[in-house]
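**Q**
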Amino acid sequence: MPLVAGIDCGTGFTKALLASQTAPGKPLTVLGKGRVRSSVNVDQAATGALEEAMKAAGVDRRDITYIAATGFGRYGLSFRDIAITEITTAARGAFFLRQRPGPVLDVGSQCTRAIGVTDRGKVNTFKSNDKCAAGSGMFIARAAKYLNIALESVGELSLHAQHPQPISSICAVLAESEIINHVSAGVSVEDILRGIHESLAERAGAMLKRVGLGNDVMFIGGVARQQGMAEALRHKLGVQVTVPEDCDFVCALGAAVLGLQRSAVKN
Amino acid sequence: MRIGAGVDVGSTQTKAVLLADNAKIEVVARALIDTGANVRMAAQDAFEKCCQVAGVTPGDVGFVVGTGYGRYKISFGQAQLTEISCHARGAHFLCPGTRTVIDMGGQDAKAISVGSSGEVLDFVMNDKCAAGTGRFLSNAADVMGITLDEVGPLSLKATRPVKIATVCTVFVESDILSYLAQGKRAEDILGGVHLAIAKRTVSLARRVTIEPEISMTGGVARNPGMVYALEQVLGRSLLISPDAHFMGAVGAAIFALERIDQSFESTVLRGEHAASSGN
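If you read the sequences in order, they're chains A and B.
Count along the first sequence starting at 1, add 122, and that's the number in the working numbering.
Count along the second sequence starting at 1, add 18, and that's the number in the working numbering.
As structure tokens, this is what we get:
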């Protein structure tokens, strides 16, 4: 029985997912997941995430038959069998979850991507922020730092905004002054955070429109865990925005799906 | 002796300068403090510190011009001018012959095309991105665990500068970390970082015409690594005044002196006119 690991070496977090297939043609089963903060040593972070996933799945390292790496640090992973871009794995993971075509928005720590997915789960077209961190999770992480609140509570706080205050800076670094101005003008933390989410949603929306907005966007990546951001997207775009459970494991899942196919070919 | 003051309230630091017109015009006092959250206080403190240094009272100062991003928060200034006009005017005064100013401050990078009498012909600035600003460099220093004053001198010791593909402050942070993990020397990493920023700044400056002489102003002018990198990319040397960091305030003080002259002249002339019409 093939047991495949999909490891997504992201800029912020490294995610590992273990999946197996009892027989060809049978659906894939997710056995365990693990997530650790990424470090400059890709192998170390990936090992940590993988061990967490193995513990959850109750399997041994020797049981793993194939390892598919994806994400920014994929080429730094020495124990991989294959490296696949995170655009391909995002498309495939999203398609596996919803079994139909449509746009995918992936907002991670340093990257924002809009991906058009075909009816076979392949990448049709994509747009990405390759030159700067504007619109990425780092923008929110920095804002949370200036505001002195935990990143985990950002999404919930943003939902409770009364009068969102827009942020005009798109640079994650320059936004700091603007946020400080808002604070000194007495704007509530909730309204500042929602304003940030709306600014990011605006940028993401522009990318999505370039790949074809459709009427149902699947929103994945670590930032999708922030409810306020999903809400801001619905508000800005006027379309359905679906956030899957384990939204930050979608690329790892896609890597596992593709890894299974590859290992079947190999054997 | 007439004294004019210029107060440049920058995003990061507030600079104040007193300029005295006593046979010749010269800078008689400077003050530099962190802007912090209370912009009004910062401006007041810098101005008073300047008066102390010069041994004058605020009442001795004939005119105060405010500039910089916080200029409208200065309660005691009689006029406000943009930092673009002030940098152009200051550079024209301290580095005669200046036709292009490259100003790199705490949160902005600008290129200004200057006319023969110190007036602004054209300018461009980074309004969307922190690349090329002091913030970018202090971020890089933080990631490397060194002080901002160390980054420039260290970068000058680079022998094989690393490649930096993007100039986003956030992305460069990751680049630096992965280069450190690969065992690259801090000198070479910083050499690459300075070169990438210099290229970006020069391409910004090319949007106005770059004409000699070129002056560099703003706090980043104190960074010898950035000066060197800019000179490499431009292929010529830069004019850098010892007061480059204070250039906005110097320019503002020149405008202040002019305003004293104007009000002096208008009072005298009006008086004479009144006297002559009385006869």
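Quick reminder that beta carbons are idealized off the backbone N, C-alpha and C, glycines included.
Keep in mind it's a predicted model, so treat the numbers as computed, not measured.
1) Is A/H285 buried or exposed, if buried means 16 or more other CB atoms sit within 10 Å of its CB?
2) So, is the C-beta of A/I209 closer than 8 Å to a C-beta in chain B?
3) So what does B/Q31 bridge to, in DSSP terms?
4) Check the Cβ-Cβ distances between B/L256 and every residue of chain A, and say whether any is below 8 Å.
5) Taking B/D140 as part of the beta strand (DSSP E), name the residues at either end of that continuous run.
6) Could you give the C-beta distance for A/G215 and A/G376, rounded to a whole number, given that I count them as a contact under 8 Å?
7) Going by CA-CA distance only, name the one from B/E101, B/T116, B/P76 and B/G73 that's closest to B/K33.
8) Tell me which same chain residues have a C-beta within less than 7 Å of the C-beta of B/V74, skipping the five on either side of it?
9) Listed in chain order, which residues of the stretch 286-298 of chain A have Cβ atoms closer than 7 Å to some Cβ of chain B?
10) Cα-Cα, which of B/R178, B/A158 and B/A106 is closest to B/V169?
11) Could you tell me the alpha carbon to alpha carbon distance between B/E137 and A/A168, rounded to whole angstroms?
12) Quick one: using the 10 Å Cβ neighbour count with 16 as the cut-off for buried, is A/Q143 buried or exposed?
13) Anything in chain B within Cβ reach of A/M260, meaning under 8 Å, just list it in chain order.
14) List, in chain order, every chain D residue whose beta-carbon is nearer than 7 Å to that of B/Q125.
15) What in chain B is Cβ-close to A/K267, meaning under 7 Å?
16) Name the residue from A/Y268, A/S310 and A/R325 whose alpha carbon lies nearest to the alpha carbon of A/K249.
17) Taking the alpha-carbon of A/A390 as reference, which of A/A212, A/M176, A/H319 and A/V309 has the nearest alpha-carbon?
18) Which word fits B/N40, buried or exposed, when buried means at least 16 other C-beta atoms lie within 10 angstroms of its C-beta?
19) In the DSSP assignment, find the unbroken beta strand (DSSP E) run with A/D228 in it and report its ends.
20) Would A/Q348 be called buried (16 or more neighbouring beta carbons within 10 Å of its own) or exposed?
21) Going straight from the alpha carbon of A/L281 to that of A/G350, what length do you get?
22) Please return the same chain residues whose Cβ sits closer than 8 Å to the Cβ of B/F81, not counting the five positions on each side in sequence.
23) Please list the partners that B/A195 has in chain A, where partner means a Cβ-to-Cβ separation under 8 Å.
24) I'd like to confirm the pairing. Which residues does DSSP put opposite B/R20 in its beta bridges?
25) Per the DSSP calculation, B/C113 is bridged to which residue(s)?
26) Determine, using beta carbons only, whether B/M265 and B/G108 come nearer to each other than 8 Å.
27) For B/I43, which residues in the same chain have their Cβ closer than 8 Å to its Cβ, ignoring the five residues on either side in sequence?
28) Using DSSP's beta-bridge definition, name the partner residues of A/T364.
29) If the cut is a Cβ gap below 7 Å, which residues of chain B does A/A255 touch?
30) Output yes if chain B places a C-beta closer than 8 Å to the C-beta of A/T133; else output no.
31) Please give me, in chain order, every unbroken run of the alpha helix (DSSP H) with length at least 4 that falls completely inside the stretch 40-108 of chain B.
32) Which class does A/G350 belong to by DSSP, given the choice of helix, strand or coil?
33) Three or more beta-carbon pairs under 8 Å between the stretch 335-343 of chain A and the stretch 303-317 of chain A, yes or no?
34) Once DSSP output is grouped into helix, strand and coil, what is the label at A/K249?
35) Can you pull the chain B neighbours of A/Q232, defined as C-beta to C-beta under 8 Å?
36) Would you mind reading off the limits of the beta strand (DSSP E) that contains A/Y188?
**A** Working from what's here:
1) exposed
2) no
3) B/D52
4) no
5) V138 to M143
6) 3 Å
7) B/E101
8) I21
9) I292, C293, A294, V295 and L296
10) B/A158
11) 58 Å
12) buried
13) V188
14) Looking at the structure shown, chain D is missing, and the protein chains on hand are A and B.
15) Ordered by position in chain B, no residue passes the 7 Å Cβ test against A/K267, which lies about 12 Å from the chain.
16) A/R325
17) Since the first residue of chain A shown is 123 and the last is 389, residue 390 of chain A is not available in this structure.
18) exposed
19) G224 to V229
20) buried
21) 5 Å
22) G22, A23, Q96, A97, A274, L275, R277, I278 and S281
23) Reading the sequence as shown, one finds Leu at residue 195 of chain B and not Ala. Chain A residues near B/L195: V162.
24) B/D39
25) In DSSP, B/C113 forms no bridge with anything.
26) yes
27) L37, F111, I272 and L275
28) A/M340
29) C186, V188 and F189
30) yes
31) 57-72
32) helix
33) no
34) strand
35) V188, F189 and S192
36) Y188 to T192
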